[in-house]
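**Student:** Numbering (this note's numbering), first residue to last: 147 to 498.
Note that beta-carbon positions come from the ideal geometry of N, C-alpha and C, so glycine has one too.
Printed below as a string of C-alpha cells:
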C-alpha cells in the first residue's frame with residue numbers, strides 16, 4: 147500500500163483493538179473471526195477522525211466510508227475511557243468496550259492506549275493514556291514536561307494539557323491537522339522519504355525533503371535543526387520516521403509539522419537516535435549536529451544561538467517537572483535524560 151494510505155491506517159493500538167473486537171464478535175456469533183487486509187483496515191477508520199485530509203467513498207454512493215455519526219467523547223468521559231483502555235490492554239474488555247475504542251481511537255498511531263476527545267472549547271484532541279503493561283515511569287507526565295520545554299525553547303508543538311484521571315496522568319494533545327471543520331493533508335516523514343518501517347534514514351534526508359517541498363524552507367530547516375538539538379538534550383530517542391511529519395499547504399508544497407511524541411529516555415550512557423543526524427552516525431551528538439548546520443542553512447552564529455536557547459530551557463527541566471506535580475523521587479529517576487555529557491558539551495560550546 148502507498149505510504150500516504152498507510153499513514154491513515156490503524157497502527158499497533160488500533161489493529162489490536164480491531165482484532166480483539168472481531169474475535170469477540172465471532173465468538174458471540176458462533177463463527178470464525180474474519181481476517182482484515184490493509185484496505186479493510188483503512189476503510190474501517192472513522193471518517194471524521196482519520197489522520198490528514200484523505201476521505202473515501204464508493205463511486206456508487208455520495209456517502210463517505212465509515213461516516214460515523216456517533217459523537218466524539220469529551221473530557222468528562224476520560225475516566226470511563228481510561229478504564230476501558232486498561233481492560234483492553236489486559237485483554238478483559240467486553241465487545242462493546244472494544245467497539246467503542248475502535249470508534250474513538252483506531253485511527254491513532256503507535257502502540258500506546260489512546261482515544262479521541264473534544265476539548266472544552268470544542269477542538270479535536272488525542273487523549274494518551276498510561277500503559278498498565280509497559281510503563282515503568284510516568285510517561286505521560288514526562289512527555290508533558292518535554293512539550294513544555296520544547297515550546298519555551300522555540301520548537302513548534304501542539305497545545306497540550308495534562309490531567310489527573312483516577313489518580314493517573316492522561317495527556318491531551320490537540321490535533322494539528324484540524325482547524326474547526328477544515329482538514330489539512332498530512333504525510334509522515336517515512337512516506338515523504340518513500341521508506342518503510344525499519345529503514346534507516348537521516349535528518350539530512352529530511353532536510354532534502356524540505357528543500358524540495360517547503361515554500362518556507364529556511365524557516366522549516368531552522369526549526370528541524372532546533373528540534374534535533376532538543377531531542378539530543380532531552381534524550382528523546384523515539385524520533386523515528388513516523389514521529390516526524392509534513393502538512394500540506396497548496397499544490398506540491400508541504401511544510402514541517404509540529405513536533406510530537408517527545409519522550410525523555412533516562413537510560414544512562416550514550417544515546418542513539420532513531421533518525422541519524424548525519425548519514426553515518428546515529429549517536430545523539432551536539433558536535434555532529436553543529437557539523438551539519440550548513441545543510442540546514444545555518445551559519446555558525448545562528449546555530450550557536452539556537453543551541454544556547456534550547457540548552458537554557460532544557461536546564462529548567464526540574465522546575466517544569468515540579469510545576470506539573472512530579473515529585474523529587476521521580477525527578478531523580480529521570481535526571482540522566484537531561485543532565486548528561488551532551489548537555490554539558492552544549493553549555494561549554496555556547497558559553498565559550
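Return the first residue and the last residue of the alpha helix (DSSP H) that residue 392 is part of.
**Tutor:** Position 246 of the chain shown, counted from the first residue, corresponds to residue 392. That residue, residue 392, is in no alpha helix (DSSP H); its beta strand (DSSP E) goes 391-394.
**Student:** Between the Cα of residue 237 and the Cα atoms of 357, 348, 392, 278, which residue gives the shortest distance?
**Tutor:** For the purposes of this step, residue 237 is taken as the residue at position 91 of the chain shown. The option with the nearest alpha carbon to residue 237 is 278.
**Student:** Find the nearest neighbour of residue 355 within the set 338, 344, 347, judged by alpha-carbon distance.
**Tutor:** Locating residue 355 in the chain shown gives position 209, counting from the first residue. It is 338.
**Student:** Using the Cβ count rule (16 or more neighbours within 10 Å means buried), how would you classify residue 369?
**Tutor:** Here residue 369 corresponds to residue number 223 of the chain shown, with the count starting at 1. Counting Cβ neighbours within 10 Å, residue 369 comes out buried, since at least 16 surround it.
**Student:** Out of 198, 281, 191, which one is the CA nearest neighbour of residue 232?
**Tutor:** Numbered from its first residue, the chain shown carries residue 232 at position 86. With distances taken between Cα atoms, residue 232 lies closest to 281.
**Student:** Is residue 212 near residue 193, with beta carbons less than 7 Å apart?
**Tutor:** Position 66 of the chain shown, counting from 1, holds the residue named residue 212. Position 47 of the chain shown, counting from 1, holds the residue named residue 193. Cβ atoms of residue 212 and residue 193: closer than 7 Å.
**Student:** Quick check on DSSP: helix, strand or coil for residue 290?
**Tutor:** As a working mapping, residue 290 is identified with position 144 in the chain shown. Reduced to three states, the DSSP call for residue 290 is helix.
**Student:** From this set, 400, 415, 419, 403, which residue's C-alpha is nearest residue 409's C-alpha?
**Tutor:** For this step, residue 409 is matched to residue 263 along the chain shown. Closest by alpha carbon: 419.
**Student:** Quick check on residue 225: does DSSP put it in helix, strand or coil?
**Tutor:** Taking the first residue of the chain shown as position 1, residue 225 is located at position 79. Correct three-state label for residue 225: helix.
**Student:** Using C-beta distances below 7 Å, list every residue in its chain close to residue 366, excluding the 5 sequence neighbours before and after it, in chain order.
**Tutor:** As a working mapping, residue 366 is identified with position 220 in the chain shown. 356, 360, 401, 402, listed in sequence order.
**Student:** Give me the Cα-Cα distance between residue 348 and residue 383, rounded to the nearest whole angstrom.
**Tutor:** In the chain shown, residue 348 corresponds to position 202, counting from 1. In the chain shown, residue 383 corresponds to position 237, counting from 1. Computed Cα separation, rounded: 13 Å.
**Student:** Around the C-beta of residue 452, are 16 or more other C-beta atoms found within 10 angstroms, so that it is buried, or is it exposed?
**Tutor:** The residue given as residue 452 occupies position 306 in the chain shown. Buried: at least 16 other Cβ atoms inside 10 Å.
**Student:** Three-state secondary structure (DSSP) at residue 315?
**Tutor:** Here residue 315 refers to the residue found at position 169 of the chain shown. If DSSP states are grouped into helix, strand and coil, residue 315 belongs with the strands.
**Student:** With residue 490 as the anchor, note down where its alpha helix (DSSP H) starts and where it stops.
**Tutor:** Numbered from 1 along the chain shown, position 344 holds the residue referred to as residue 490. Residue 490 -> alpha helix (DSSP H) spans 487-497.
**Student:** What would DSSP say about residue 348, mapped onto helix, strand or coil?
**Tutor:** Looking up residue 348 in the chain shown gives position 202. It is a strand residue.
**Student:** With C-beta atoms as the reference, is residue 459 less than 7 Å away from residue 319?
**Tutor:** Residue 459 sits at position 313 when you count from the first residue of the chain shown. Residue 319 sits at position 173 when you count from the first residue of the chain shown. No, the Cβ-Cβ distance between residue 459 and residue 319 is not below 7 Å.
**Student:** Which value, in whole angstroms, describes the spacing of the CA atoms of residue 185 and residue 335?
**Tutor:** Along the chain shown, read from residue 1 onward, the residue named residue 185 stands at position 39. Along the chain shown, read from residue 1 onward, the residue named residue 335 stands at position 189. Residue 185 and residue 335: Cα-Cα distance of roughly 21 Å.
**Student:** By the 10 Å Cβ neighbour count, where 16 or more other Cβ atoms means buried, how is residue 91 classified, buried or exposed?
**Tutor:** Because the chain here runs from 147 to 498, residue 91 falls outside it and cannot be looked at.
**Student:** Please classify residue 174 as buried or exposed, where buried requires at least 16 other C-beta atoms within 10 Å of its C-beta.
**Tutor:** Here residue 174 refers to the residue found at position 28 of the chain shown. Classification for residue 174: exposed.
**Student:** Do the CB positions of residue 306 and residue 287 come within less than 7 Å of each other?
**Tutor:** As a first step, residue 306 is located in the chain shown; it is residue number 160 there, counting from the start. As a first step, residue 287 is located in the chain shown; it is residue number 141 there, counting from the start. No, the Cβ-Cβ distance between residue 306 and residue 287 is not below 7 Å.
**Student:** Using only alpha-carbon positions, find the residue among 293, 222, 462 that is nearest to residue 262.
**Tutor:** As a first step, residue 262 is located in the chain shown; it is residue number 116 there, counting from the start. Nearest C-alpha to residue 262: 222.
**Student:** CB-CB under 7 Å to residue 260, same chain, minus the five flanking residues each way: which ones, in chain order?
**Tutor:** Locating residue 260 in the chain shown gives position 114, counting from the first residue. Contacts found: 159, 251, 254, 272, 273, 274, 275.
**Student:** Going by alpha carbons, who is nearest to residue 227 out of 208, 248, 301?
**Tutor:** Working through the chain shown from its first residue, we reach residue 227 at position 81. Comparing Cα positions, the closest option is 248.
**Student:** Residue 332 lies in the beta strand (DSSP E); which residues open and close that run?
**Tutor:** Counting from one through the chain shown, the residue named residue 332 turns up at place 186. Taken as a continuous stretch (DSSP letters only), the beta strand (DSSP E) holding residue 332 covers 332-334.
**Student:** Report the residue from 217, 188, 216 whose alpha carbon sits nearest the alpha carbon of residue 203.
**Tutor:** Translated into positions along the chain shown, residue 203 becomes position 57. Closest by alpha carbon: 188.
**Student:** Helix, strand or coil: how does DSSP classify residue 370 here?
**Tutor:** In the chain shown, residue 370 corresponds to position 224, counting from 1. It is helical.
**Student:** At the level of alpha carbons, what is the spacing between residue 492 and residue 362?
**Tutor:** Mapped onto the chain shown, residue 492 falls at position 346. Mapped onto the chain shown, residue 362 falls at position 216. Whole-angstrom Cα-Cα distance: 28 Å.
**Student:** Between 496, 391, 311, which lies nearest to residue 449 when the distance is taken from Cα to Cα?
**Tutor:** Counted from its first residue, the chain shown places residue 449 at position 303. Ranking 496, 391, 311 by Cα distance to residue 449 puts 496 first.
**Student:** Starting from residue 400, follow the alpha helix (DSSP H) in both directions and report where the run begins and ends.
**Tutor:** Within the chain shown, numbered from 1, the residue matching residue 400 stands at position 254. Careful: residue 400 lies outside any alpha helix (DSSP H), inside the beta strand (DSSP E) at 400-402.
**Student:** To which residues of the same chain is residue 154 closer than 8 Å at the C-beta, ignoring the five residues directly before and after it?
**Tutor:** Looking up residue 154 in the chain shown gives position 8. The answer, listed in chain order, is 188, 191, 196, 197, 198, 200, 253.
**Student:** Considering only C-alpha positions, which residue in the set 433, 340, 291, 241 is nearest to residue 407?
**Tutor:** Locating residue 407 in the chain shown gives position 261, where the first residue counts as 1. Closest by alpha carbon: 291.
**Student:** Check whether the segment 429-444 touches the segment 369-378, taking contact to mean three or more Cβ pairs, one atom from each stretch, closer than 8 Å.
**Tutor:** Contact between the segment 429-444 and the segment 369-378 is present, because at least three Cβ pairs lie under 8 Å.
**Student:** For residue 476 and residue 463, I'd like the C-alpha separation in whole angstroms.
**Tutor:** Working through the chain shown from its first residue, we reach residue 476 at position 330. Working through the chain shown from its first residue, we reach residue 463 at position 317. The straight-line gap from Cα to Cα measures roughly 12 Å.
**Student:** Just verifying my parser: in three-state terms, what is the DSSP assignment at residue 437?
**Tutor:** Residue mapping note: residue 437 aligns to position 291 of the chain shown, counting from 1. Helix.
**Student:** From the DSSP output, read off the bridge partner residues of residue 499.
**Tutor:** There is simply no residue 499 to check, as the chain begins at 147 and stops at 498 in what is shown.
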